[in-house]
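Chemist: This is the structure, below, for whatever I ask next.
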Amino acid sequence: MRPFHGWKPLVVAASVLLGVAACGGSSGGGSSTASKGTITIAVDSPLSGTEASQGQPIANGVQLAAQQAGAVKGYTIQVKTYDDAVQGTHDPQKGAQNMQAISSDSTVLGVVGPLNSNVGKAMIPIAAQNSITMISPANTNQCLTRDDLGCAGAASQLRNGKPNPYFRVTTIDTNQGPAMAEYAYNQLKLRKVAVGSDNETYGKGIADTFVSEFQKLGGQVVAHQNFDWQTTDNFSPFLQAAKNAGAQGVYWGGVTATKSCIPRQQMQGVGFTADTPYMGGDGIATDPNCVKAMGAMTPNTYASVASPDPAHISAAKSMVDAYNKKYGEQNLTAYAVTGYASAQALINGISKAIDANGGNKPTRQQVRDQVAKTNNLSTVVGSLGFDKVGDNTTKIVSVYKYTSADPAQAAKTPWQGQYDFASQPPKFSGGA
């Protein structure tokens, strides 16, 4: 959920069509003349309100990928965006409504999105029922794809016996939470921490996995509480208890829109200094709105992102250059890149499905079947493949550190390194 600032909305209504004219060879070896018809890729993310700064880069990345692909095997690729925000914040019910609308559009063969895991949870059953491929550039909650890992069969329940329609480019929270726990214990040398969350699917998920890993490493969680973010504005009593218990840092699971940056600012009022680390996930990473909420306490805030850093991926350079030229360097985020990669995987699946269908427009099920076979696909996030449940076989988590209280500098938050969970224990590399 990496955000950016200075955005200009693509949409004022529920959705907008972005037609992509043919522009040379496609990612699937398409012709330079689109004459067979139109195929639509839908994008679902928050495109208005507080979270637009997080959702808009996804739409930008998909649009850029579609433009660069041009015609795919003679079909024009069209991008249609859907806003899942209500009153400025992502809303699962709105996401479900969007998926119903997407399902009724016969030109749509796949969806990139959503940004938020609880929206994904609401959309997956509808996607499964209608065989619509979803590729999320940002969802990290493990229970969207896994029946194990404490999920009590959740993934199977969401699909209700239908073939899996859902895939993702990011890795899961059972890697993201532990990555920051590893960083806190081994890099920051913290031994006592307090942990809070917004009690939503994503926020509680990363908080719980952080706690489990930090304790396994030998650390102590001196305070742990999940909050109803809609009714809570004052976190000071919790923070005071944490301070009194000797907390050396605070970890918070949530996103900027669910008040997950406010506790950092309130830490000052109970005796914590700006030198005390504050930690979270991609929901608070490189976000100018988060910086505004944290104020002078911004420095020494750390955030994990469940994907590689774009600046450290050689395959991303040309995409990054094109994105910066079109949307501005200040608007580049990790999830603009994963949005682009999600579109690459979907377009590749569409191309292969066209081939498998004798050059004719494929069905949604045929596209799903081809996307499920994705393996060693060259993308802007490196080699991409999906395992049997739809998760990315690459398991990278990056760590960033806020160093400035200037919101204009949020997009330039320094990368500290990354954890590779393909090995156990996870391997840390890089560093600012």
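Be aware that the sequence shown starts at 31, since it is given in the working numbering, and climbs by one per residue. Virtual Cβ for every residue (Gly too), placed ideally from N, Cα, C.
Can you tell me the Cβ-Cβ gap for I154 and L174, rounded? I've got them flagged as a contact below 8 angstroms.
Modeler: Residue mapping note: residue 154 aligns to position 124 of the sequence shown, counting from 1. Residue mapping note: residue 174 aligns to position 144 of the sequence shown, counting from 1. Going by Cβ atoms, the distance from I154 to L174 rounds to 7 angstroms, so yes, they are a contact pair.
Chemist: May I ask you to report which of helix, strand or coil DSSP gives D113?
Modeler: Mapped onto the sequence shown, residue 113 falls at position 83. It is a strand residue.
Chemist: The alpha helix (DSSP H) with M153 in it runs from where to where?
Modeler: Here residue 153 refers to the residue found at position 123 when the sequence shown is read from its first residue. Run containing M153: S147 to N160, per the alpha helix (DSSP H) assignment.
Chemist: For the putative contact between K431 and N205, defined by C-beta atoms under 8 angstroms, what is the C-beta separation to the nearest angstrom?
Modeler: The sequence position of residue 431 within the sequence shown is 401, counting from 1. The sequence position of residue 205 within the sequence shown is 175, counting from 1. The pair is not a contact, with the Cβ atoms about 19 angstroms apart (cut-off 8 angstroms).
Chemist: Just curious, the beta strand (DSSP E) that K457 is in, first and last residue?
Modeler: Residue numbering aside, residue 457 sits at position 427 when the sequence shown is read from its first letter. Residues K457 to S459.
Chemist: Can you name, in chain order, every residue of its own chain whose Cβ lies under 7 angstroms from the Cβ of P293, other than the five neighbours on each side?
Modeler: As a first step, residue 293 is located in the sequence shown; it is residue number 263 there, counting from the start. Excluding sequence neighbours, P293 sits near G226, F265, L269, V280 and W282.
Chemist: Between which two residues does the alpha helix (DSSP H) carrying S133 extend?
Modeler: As a position in the sequence shown, residue 133 is number 103, starting the count at 1. Note, S133: alpha helix (DSSP H), P122 to S133.
Chemist: Taking Q454 as the reference, give the member of A209, Q127, N406 and A152 with the closest Cα.
Modeler: Along the sequence shown, one-based indexing puts residue 454 at 424. It is A209.
Chemist: From the DSSP output, in three-state form, read off I202 for me.
Modeler: One-based indexing of the sequence shown puts residue 202 at position 172. Three-state DSSP puts I202 in coil, outside helix and strand.
Chemist: Using the beta-carbon count (16 or more within 10 Å), is S290 buried or exposed?
Modeler: The residue you call residue 290 lines up with position 260 of the sequence shown. Buried.
Chemist: What do you reckon, are the CB atoms on K275 and A253 nearer than 8 angstroms?
Modeler: Within the sequence shown, the letter at position 245 stands for residue 275. Within the sequence shown, the letter at position 223 stands for residue 253. Looking at the sequence itself, residue 275 is Ala, so the reference to Lys does not match. Yes. Within cutoff.
Chemist: How long is the line joining the alpha carbons of M297 and N171, rounded to whole angstroms?
Modeler: Along the sequence shown, one-based indexing puts residue 297 at 267. Along the sequence shown, one-based indexing puts residue 171 at 141. Taking the straight line joining both Cα atoms gives about 28 angstroms.
Chemist: From G301 to L145, what does the alpha carbon distance come to, in whole angstroms?
Modeler: Against the sequence shown, residue 301 aligns to sequence position 271. Against the sequence shown, residue 145 aligns to sequence position 115. The alpha-carbon atoms of G301 and L145 are separated by roughly 35 angstroms.
Chemist: Between the stretch 105–112 and the stretch 67–84, are three or more C-beta pairs nearer than 8 angstroms?
Modeler: The stretch 105–112 vs the stretch 67–84: in contact.
Chemist: Which residue wins for smallest C-alpha separation from T306, given the options A323, K273 and N319?
Modeler: The residue labelled residue 306 in the question sits at position 276 within the sequence shown. The shortest Cα separation from T306 among A323, K273 and N319 belongs to K273.
Chemist: What residue range does the beta strand (DSSP E) around D436 cover?
Modeler: Indexing the sequence shown from 1 puts residue 436 at position 406. Careful: D436 lies outside any beta strand (DSSP E) and carries neither H nor E.
Chemist: Whole angstroms is fine: what's the gap from A126's alpha carbon to K219's?
Modeler: The count along the sequence shown starts at 1 and reaches residue 126 at position 96. The count along the sequence shown starts at 1 and reaches residue 219 at position 189. Going by the C-alpha atoms only, they are around 43 angstroms apart.
Chemist: Considering only residues of the same chain and omitting the five flanking positions on each side of P329, which have a CB-CB separation below 8 angstroms?
Modeler: In the sequence shown, counting from the first residue as 1, residue 329 sits at position 299. Here the set comprises A304, Y432, T433, S434 and A435.
Chemist: Could you work out which residue in K151, D178, A271 and I162 is closest to Y232 when comparing CA atoms only?
Modeler: Position 202 of the sequence shown, counted from the start, is the residue given in the question as residue 232. Nearest C-alpha to Y232: K151.
Chemist: Whole angstroms is fine: what's the gap from G67's alpha carbon to S381's?
Modeler: Taking the sequence shown and counting its residues from 1, the one referred to as residue 67 is at position 37. Taking the sequence shown and counting its residues from 1, the one referred to as residue 381 is at position 351. Cα to Cα, G67 sits roughly 14 angstroms from S381.
Chemist: Quick one: grab the DSSP three-state call for S65.
Modeler: Translated into the one-based positions of the sequence shown, residue 65 becomes position 35. Coil, per DSSP.
Chemist: Is it the case that the Cβ atoms of V142 and I162 are separated by a distance below 8 angstroms?
Modeler: Here residue 142 corresponds to residue number 112 of the sequence shown, with the count starting at 1. Here residue 162 corresponds to residue number 132 of the sequence shown, with the count starting at 1. Cβ atoms of V142 and I162: not closer than 8 angstroms.
Chemist: Roughly how many whole angstroms lie between the Cα atoms of N169 and D135?
Modeler: Taking the first residue of the sequence shown as position 1, residue 169 is located at position 139. Taking the first residue of the sequence shown as position 1, residue 135 is located at position 105. Distance between the alpha carbons of N169 and D135: 24 angstroms.
Chemist: Around the Cβ of T261, are there at least 16 other Cβ atoms within 10 angstroms (buried) or fewer (exposed)?
Modeler: One-based indexing of the sequence shown puts residue 261 at position 231. Exposed, because fewer than 16 other Cβ atoms sit within 10 Å of the Cβ of T261.
Chemist: Consult DSSP for A168 and reduce its assignment to one of helix, strand or coil.
Modeler: Numbered from 1 along the sequence shown, position 138 holds the residue referred to as residue 168. If DSSP states are grouped into helix, strand and coil, A168 belongs with coil.
Chemist: Starting from V92, trace the beta strand (DSSP E) both ways and give me its first and last residue.
Modeler: Along the sequence shown, one-based indexing puts residue 92 at 62. First-last for V92: A82 to A99, but that is the alpha helix (DSSP H), not the beta strand (DSSP E).
Chemist: Taking the Cβ atom as the reference point for each residue, do G313 and V285 lie within a distance shorter than 8 angstroms?
Modeler: Numbered from its first residue, the sequence shown carries residue 313 at position 283. Numbered from its first residue, the sequence shown carries residue 285 at position 255. Going by C-beta atoms, G313 is nearer than 8 angstroms to V285.
Chemist: Can G369 and V92 be called in contact, C-beta distance under 8 angstroms?
Modeler: As a working mapping, residue 369 is identified with position 339 in the sequence shown. As a working mapping, residue 92 is identified with position 62 in the sequence shown. Contact flag set, yes.
Chemist: With a CB to CB cut of under 6 angstroms and the five nearest residues on each side skipped, what residues in its chain are close to G514?
Modeler: Outside the displayed range of the chain (31 to 462) lies residue 514, so it cannot be described from this structure.
Chemist: Can you say whether E81 is buried or exposed, counting buried as having 16 or more other CB atoms within 10 angstroms of its CB?
Modeler: The residue you call residue 81 lines up with position 51 of the sequence shown. The residue is buried, with at least 16 neighbouring Cβ atoms inside 10 Å.
Chemist: What's the C-alpha gap between Y213 and L179?
Modeler: Taking the first residue of the sequence shown as 1, we reach residue 213 at position 183. Taking the first residue of the sequence shown as 1, we reach residue 179 at position 149. Y213 and L179: Cα-Cα distance of roughly 22 angstroms.
Chemist: By DSSP, does L174 sit in helix, in strand, or in coil?
Modeler: Here residue 174 refers to the residue found at position 144 of the sequence shown. Of the three classes helix, strand and coil, the one that applies to L174 here is helix, per DSSP.
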